[in-house]
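Below: one structure, written as structure tokens.
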Amino acid sequence: MSLNHYFTNPIVMLAYYFWNRISKTDRLGILRALDKSQYYDIERLRSIQLKKMRNVIKNAFHSSPFWQEKFKDIGLEEGDIEGLVSTDKIPKLTREDVINNKDRIVSGAFSKDELTENVSGGTTGSSLSYYLSRHRIDYRSASTLRHNLWTSYRIGDRLATVWGAPADMESHRSLRTKMRDIFWGASINFDSNIVTDDAVRKFAREWDRFRPEILLAYSGAVDFFVNHARDMKLSFAPPRAIITSAEVLTPGARKNIEDFFEAEVFNRYGCREFSVIASECRYHNGLHINAETLLLEFEPVLEALDNRRHCRVLVTDLENLAFPFIRYELGDVVVLSDEEDRCPCGRNLPRIEEVGGRIMDYLKLPGGRYLSCTALTATCFPRARGIIQSRIVQKKIDKIIVQIVKNNDFDEESYNILKQDLAKVLGEGIELVFEFPEQIKRERSGKYRFVISEVAD
Ligand SMILES: [Zn+2]
1466 MSLNHYFTNP IVMLAYYFWN RISKTDRLGI LRALDKSQYY DIERLRSIQL
1516 KKMRNVIKNA FHSSPFWQEK FKDIGLEEGD IEGLVSTDKI PKLTREDVIN
1566 NKDRIVSGAF SKDELTENVS GGTTGSSLSY YLSRHRIDYR SASTLRHNLW
1616 TSYRIGDRLA TVWGAPADME SHRSLRTKMR DIFWGASINF DSNIVTDDAV
1666 RKFAREWDRF RPEILLAYSG AVDFFVNHAR DMKLSFAPPR AIITSAEVLT
1716 PGARKNIEDF FEAEVFNRYG CREFSVIASE CRYHNGLHIN AETLLLEFEP
1766 VLEALDNRRH CRVLVTDLEN LAFPFIRYEL GDVVVLSDEE DRCPCGRNLP
1816 RIEEVGGRIM DYLKLPGGRY LSCTALTATC FPRARGIIQS RIVQKKIDKI
1866 IVQIVKNNDF DEESYNILKQ DLAKVLGEGI ELVFEFPEQI KRERSGKYRF
1916 VISEVAD
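Be aware that the sequence shown starts at 1466, since it is given in the numbering used here, and climbs by one per residue.
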């Protein structure tokens, strides 16, 4: 692929090229390699993964005290590593493991000065920190660029964000980042933690002046934003594409966002620890995994109500030798596709069908049944009128609180429809309690969770 394909114009291309040289990064080189490897055949991609996986294990074997102990426990010898075809004998790495053993997980082959410490907030209130090598930071950035390119994005495009994480917001960005923006891709940002009429109106004015080409947004936050803006009778000039991530995107929210902005939504699955994990291409045929960088394993959730394959995700980071994330339990659930058909886009990166959310976002019902929030929103909520926002909180295995922020269209009939639909999906013996708050607060991380289960898994 020619370099032109990545940039909006030759000046941006030159600026980016020199910035790469001056900062001594190889992002452009990695991007070009990833752009090529996405079309490799399945066997070739698989063998790249295996080779990198063995390298990660070998490196951890020699230089990570935490992993040395774990490998000793399972009797893994150095000579076994070259013969490994999967990681399934290796113990899983939990969030608690990382919190409690950060300095024993980090590889002794790197000096701390070469590494960048990163923090992930998470939804449980505990924060987790870990290290990234310089190489991994470049890889993250190049992977994100590759997946952005699938949406028609070019380096240099004007961006808008509807985002909830304060650390990523404009006022917190360094001068260096702002300078960089001047050359390739300035942005306007809407803080989705504070949605007021004034803030929405101000953003609409900025949008009008700036004319963003790509909108990056938290899925739930932008859905909520759209409802608010529509109520205020505001309109926005269509961007070329919308990339949603960080929260579960329900089919209803996708339609709502696409109708309002008159632009295509590309859903993405990612997290702080690994950046982009999987994204949709223009065929929206599930999400292609960032497979050259991450090895994903799937463990089925016991019994999912819709008979689809809901699986927990374990991730091995194939590019961060400095901090070996091996079989890391993300706490997310995805739905796997049964069909292994090729995507018409020609990429051979494996796909997941849908992002189900956190395991905490699944209702655990009597008899070991699990219900995903997408199944719930698809079946129950579209028929009832007048719901601005809602949340389901499971207090006990048989007690569920339904919080509804309503407008004047919400009447007796809406209430009865919702009650009937929920009872049908949830089954017998579940107590439903309805609450009608003025608003529903987001998590501290800025994310909005539609389903919260307080029942231990
Ligand atoms: Zn595709």
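Positions of the beta carbon are idealized from the N, C-alpha and C atoms, including for glycine.
Check	Outcome
heavy atom of ligand 1 below 7 Å from H1612 C-beta	no
Paired residues, beta bridge with G1685 - DSSP	None, per the DSSP bridge assignment.
One or two residues paired with F1655 in a DSSP bridge	V1627
Close-in-space but distant-in-sequence residues of the same chain around I1882 (CB under 6 Å, 5 per side omitted)	R1848, A1849
H1753: CB within 7 Å of a non-hydrogen atom of ligand 1	yes
Entirely enclosed alpha helix (DSSP H) segments - the stretch 1509-1541, minimum 4 residues	1530-1538
T1581 burial status per 10 Å Cβ neighbour count (16 or more: buried)	exposed
Coarse secondary structure for V1766, derived from DSSP in three states	coil
C-alpha distance - L1493 paired with Y1481, whole-angstrom precision	9 Å
For H1775, three-class secondary structure by DSSP	strand
Residue from V1820, R1774, P1704 with nearest C-alpha to D1673	P1704
Continuous alpha helix (DSSP H) stretch holding D1673: start and end	1662-1675
S1467 classed as buried or exposed, judged by whether at least 16 other C-beta atoms fall within 10 angstroms	exposed
Any 3 or more C-beta pairs closer than 8 Å across the stretch 1793-1803 and the stretch 1774-1781	yes
Cβ shell of E1738 (< 6 Å), same chain only, five flanking positions each side left out	S1585
Backbone secondary structure at E1896 - three-state DSSP	strand
E1543 burial status per 10 Å Cβ neighbour count (16 or more: buried)	exposed
8 Å Cβ cutoff met for E1678 and D1622	yes
Cβ-Cβ separation, E1878 to H1600 (assumed contact under 8 Å), whole Å	Actually they do not touch by this definition, with Cβ atoms about 59 Å apart.
6 Å Cβ shell around D1663 - same chain, five flanking residues per side excluded	none
V1477 and I1653 closer than 8 Å at C-beta	no
Minimum length 4: unbroken alpha helix (DSSP H) runs contained in the stretch 1835-1895	1838-1845, 1877-1891
Range covered by the alpha helix (DSSP H) that runs through Y1606	This sequence places Ser at residue 1606; Tyr is not what is there. Its alpha helix (DSSP H) spans residues 1599-1614.
Per-residue DSSP class, three states only, for D1797	strand
Neighbourhood of Y1683 by C-beta distance below 8 Å, restricted to the same chain and skipping five residues each side	V1627, W1628, G1629, S1657, T1709, S1710, A1711, E1712, G1911, K1912, Y1913
Cut-off 6 Å between Cβ atoms - residues of its own chain near I1917, not counting five sequence neighbours on either side	V1858
First through last residue of the alpha helix (DSSP H) which encompasses R1492	1492-1502
Classification of P1789 by the beta-carbon crowding that lies within 10 angstroms, buried from 16 upward	buried
Whole-Å CB distance - C1845 paired with L1887, under 8 Å assumed	5 Å
Cβ neighbour criterion (16 or more within 10 Å) applied to A1743	buried
T1609 and S1488 closer than 8 Å at C-beta	no
Cα-Cα separation, N1583 to F1901	39 Å
Residue from A1787, R1486, D1874, I1791 whose Cα sits closest to the Cα of G1573	A1787
Three-state secondary structure assigned by DSSP to E1678	coil
Element boundaries [alpha helix (DSSP H), containing F1726]	1716-1726
CA nearest to the CA of L1496, picked from A1607, F1531, L1558	A1607
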